[in-house]
Amino acid sequence: MGNTLTTYTTKHKKTMQLFPYALIRVGGDSFEEWARLGFPASNEIVDEVYALKKKQTERKETLCDNLFEFISNNDDQEVQNIVQNLRRDIFNERKLKNSKLNKAIEVLPSPLKEELQDYVSLLKDLKDKVQAGEAVYTKELNGGREQLKKLIDSGNFKKGLILSSRTLLNRVDSFQKRPVDKFRKKEHQVEQSLLQYLTRMYAKTSPFSTFTNLSIGTIKEGQSGIQISSVNDRQVKGHIRLNNYLLKYLMDLLKNYRPSYILFPLRCNPTYQNRGDHFLYLTNHNNIESFQRIPYNPVVEHIAGVVQEYTEGIRFIDLIESLQNDIDASAEEVESYVKQLVEFGLLEYNVGVSGVDPDWDVKLVPVLEGQVKEGVKHIAELVEALRNIRQLGGKYAESSVQERHELLQQAYDAFREIYMKIHEEAGLPADERKTEKELIEEARKKKEEEEKRKEAEGEKAAEEGEKKEEEKEEVTFKHETSTYFAIKPEQMFYEDTTREVDALLGEEDISTLISHLNDLLNQMRLFKGNEDEKEKMRGYFLKKYGQNEEVDLLTFYEDYFREFKKPEKELEEKRKKEAREKQKQAKEAENKNEEGNGQDASPEITREKEKDTANEFELPGQKEKQEKLMKWKAEAKKQFKAAVQWNEDEINVDLDPVKLTNEAVGYNHTDSEVNSYGSFLQFYYDEGKLKAALNSTFPGYGKMVSRFLHIFDDDITAEIKNWNVEQSDEESIFIEDCDASYFNANLHPTLMPYEIWMPGGHNSLPADKQIPITDFRVVYDAEAGELNLIHATTGKKAYVFDLGFQGHGGRSQLFQLLEKFTKAEYLFTQPLVNAVNQINTPDEPKEEKNQEKKPESIEIKILPRIIYKDMLVLQRKSWFAPKALLPQRHPNDSDWQYFKNVNTWRKGNKIPDEVFVFVNTNRWGDANMDEEAMKKLTRDDYKPQYIDFTNPLLVNLLEKLIDRVPSSMKIVEMLPNSKQMLKVDDSRFVSEFVVQWYNK
């Protein structure tokens, strides 16, 4: 598949070239299906009620003003009192008593009397309309619930639930059988859970199982706009792979099964070094790394030397045989000694099967077949089970919901049966062979006991435990594998689905849009991601070694994390702990209603101490850089304020204010770099013009499509590899980062010519393409002012790439450090967005010392839609509503009254029908967040939830979400909304595109 796209030349003779294929994430079903769940009559009444309410508010103000004028001009005290009492009731919207009305009518002049009677008549119309809505609402709500039952009968929906929430799926039958007018609390809870999954399938692109389908679009020259059409009747196809965590379970088991592990090849830990009086190496166990030091021993040196002679590794049993002539010990003693070296991480098994390979089970079979020939008991059955499970996976993809249940159970039973046979044969503890039910019950009891123990021991014991954990870091530890079986049936497979479509994207339209985005990202390079950590590494290197020193990578890694990162983390933890303590004290003081002007001096002392400690980590130029960033933000606000007019609905911007800001602060590193980038975009048409909402930007090189490449044509993977290689030159080498993480989202083919070989890492390439971690050194490039990673063997500059989906928090520390030596860039448009958001805020006056900051007034904050070059939405319009201002149900409100009140509230705040809401905007919580509020949050509350205010079922869901809001709810317009969704044939589908490009 050759690329024939036009290239776009920049003024610096670099070219921006679109990768010719775009990954498309398409909703699991058409929005037309979801739209069947409509409530037109209820919403018509809501609109009428809102119009009457608006009219009533206007009339009330006029009437109150006229009544006040009448009172002011009337000298009769009794008349004044009669009218004033009525006016107060009208103003406060209290129920108007007939006795008060009649008295007022008697004393008011005719025009004012008519005005009052018209107002009373309007109130009656409003009341009648509200009352009429109750019956209409109830009827439509019941009808909507019946329609909901039909929606959840969708095969694609139930198929998705099997792997994502089997518990919920098991409750669907009883939910569907229950009459809608007899729903109990249980059915309402199930309904809300179902709605969260359904909206994810119809309104949001979440790449999991049948909830979202995947397609490939071709960027084609001569094509106009975007056209998507079905290829054949059979549109959706499942692609099943075995969960890669099964590989971890198997490897942990086989490494404890002597007849098997003695046939596995052993390699020396790639970081092994002989330091004369001791051996030093880095070990990785479950992605936790530790430097190990073993006293020098000539036997260890000899064993390591023998193993290092074999590039691919030497079989355990062959190593024992080889050592017989050199070591004066029995075969059993030698074997035990070698086993210890494996447990301590100095020797590692090289099975040749990677935990990031989507077809790991297929690759494992030939390895195991070698053991079958050697007569290892049960291995033939294991091979048969793996093949059988793969076949069951193939059937699973083609099967109905009920058949999937059965196939999943068959796969689970087959895996568990052979696992337990080997487990028992290996002589492992019988307790580990318990059933799923027994494990759940045991886990429940263990959790209860643990909670009781923690409560009894208190904070002191916890602190001692932390201290012990710190002490453990300094001692040698064993690689203790876990053979405790805790897999559930729904964890056997993971599924991707593809939708067979012919998707064509107009090359000129997409290139115009992406070239504008590329120019903007280049202007944002001052805020490039990971730069702070790179600065810390550079500053530490210069301080520790000087600019002329060359340091091997592992020495730098060990020194940097021991002397800089660990103390830095401890300081940060201390600050968080003190912040929590201060918050707790403040809350206690507030509860006791303590008053007084006396202030505790201890916080100031603490801050001084922190300041002294922080200075140890302050780097040269750090303060200047922070000042430059602050200057940029202030200047950008000034430039945008001069260039655009504030509008809380929509603001159009271009690049000129950003360029002027960069010039003003003296930042000129904005040239287009030889690099690759990508973005998540949602395309839509607005008045016939193609536009896109930008969801995020990220490094390119195939990173955000890697996870799905195995389900598409191999030519696409080959094309990405070719484009990546073309980005390198003769002076550099491109390497893929690897570690020991087992995570399904990391499954992908290798997209670079080489891989890092680190302890415990998952390698997919042949041994000659694996570069050991010890073959790198760190040097300082004075001219560029940066640290470089140099491949010692070739002398070339090494660039390391993270091309998996997993966040850095789950990666090993060495993986994270290596990723800082990358060519990939993290560039964002957020600095521009922040600057535009600030133009409506007043410039902050310089605060005088000891001046108290005034508390902010409670109000709904609105941020406008921001569009770049009239084609790229950088920010959707958003509302930040404090919890106190969110519509909460009053104790006596019926569902209808709450539905009406919510819509009156959102119409009054000009919030559209369709939005996404965020219960908790911070995924990891907030140090200042109330503990009780934190307890209410669920793990998914940081994710956007689709809400359609015209749908009573979703309004009821919103009520429950509001209850969990810790401080404020973020509400974001749905853009593109359901009417603007792109179509597949004649049906609307929510869609998102992954577009990638290279600056060559």
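Using full-length UniProt numbering, read the sequence shown as starting at 1 and increasing by one per residue.
Glycine residues also receive a C-beta, built at the ideal position from the N, C-alpha and C atoms.
Keep in mind it's a predicted model, so treat the numbers as computed, not measured.
Residue i - DSSP class collapsed to helix/strand/coil
| i | result |
| --- | --- |
| S42 | helix |
| S741 | coil |
| H669 | coil |
| R178 | coil |
| M974 | coil |
| R315 | strand |
| N999 | strand |
| G506 | strand |
| I71 | helix |
| K873 | According to the sequence shown, residue 873 is Val rather than Lys. Strand, per DSSP. |
| D941 | coil |
| Y257 | coil |
| F918 | strand |
| Q585 | helix |
| E471 | With a pLDDT of 38 at E471, under the threshold of 50, the modelled position of that residue is not reliable, and no figure is offered here. |
| H791 | strand |
| E859 | coil |
| H890 | coil |
| Y310 | coil |
Those residues which DSSP pairs with residue i across a bridge
| i | result |
| --- | --- |
| P699 | Y677 |
| D781 | E786 |
| E495 | I240 |
| E992 | R25 |
| A798 | I733 |
| P772 | W757 |
| A881 | M969 |
| E650 | R865 |
| I303 | None; I303 has no bridge partner. |
| K983 | R988 |
| I947 | V915 |
| Q682 | A693 |
| V501 | S230 |
| H748 | For H748, which the question treats as bridged, DSSP gives no partner whatsoever. |
Residue range of the unbroken alpha helix (DSSP H) whose run includes residue i
| i | result |
| --- | --- |
| S99 | N98 to V107 |
| W905 | D895 to G908 |
| T555 | L553 to Y560 |
| F640 | Q622 to A643 |
| I962 | P952 to R964 |
| D843 | First-last for D843: undefined, no H or E at that position. |
| N662 | D656 to A664 |
| D326 | It is not in any alpha helix (DSSP H) - D326 carries neither H nor E in the DSSP assignment. |
| R87 | Q77 to F91 |
| A331 | A331 to E343 |
| F31 | F31 to A35 |
| F157 | G155 to S164 |
CB-CB length for residue i against residue j, believed under 8 Å
| i | j | result |
| --- | --- | --- |
| I216 | I24 | 7 Å |
| A385 | I422 | Rounded, the Cβ-Cβ distance is 10 Å, inconsistent with contact. |
| G27 | F989 | 5 Å |
| V307 | L263 | No, V307 and L263 are not in contact; Cβ-Cβ is about 16 Å, not under 8 Å. |
| A740 | N287 | 5 Å |
| I716 | E507 | I716 to E507, Cβ: 17 Å. No contact. |
| L751 | N724 | 6 Å |
| I240 | F493 | 5 Å |
| Q491 | N243 | 5 Å |
Span of the beta strand (DSSP E), counted from its first residue to its last, around residue i
| i | result |
| --- | --- |
| Q131 | Run containing Q131: none in the beta strand (DSSP E); it sits in the alpha helix (DSSP H), S110 to L151. |
| Q17 | T15 to L18 |
Would you mind listing the alpha helix (DSSP H) stretches within the region 261 to 296 that are 4+ residues and don't spill past its ends, in chain order?
none
Subject >> Residue ranges of each beta strand (DSSP E) within the region 346 to 421, 3 or longer >> reply: 347 to 349
Can you list, in chain order, the stretches of the beta strand (DSSP E) that have 3 or more residues and sit fully within the region 685 to 733? 689 to 699
**Request:** Scan the region 184 to 236 and note each continuous alpha helix (DSSP H) run of 4 residues or more that stays entirely inside, going in chain order.
**Result:** 185 to 203
_Suppose only complete runs of 4+ residues qualify. What are the alpha helix (DSSP H) ranges in the region 523 to 550, listed by chain order?_
531 to 544
query = Unbroken alpha helix (DSSP H) runs of length 4 or more, entirely within the region 802 to 833: which are they?
reply = 813 to 818
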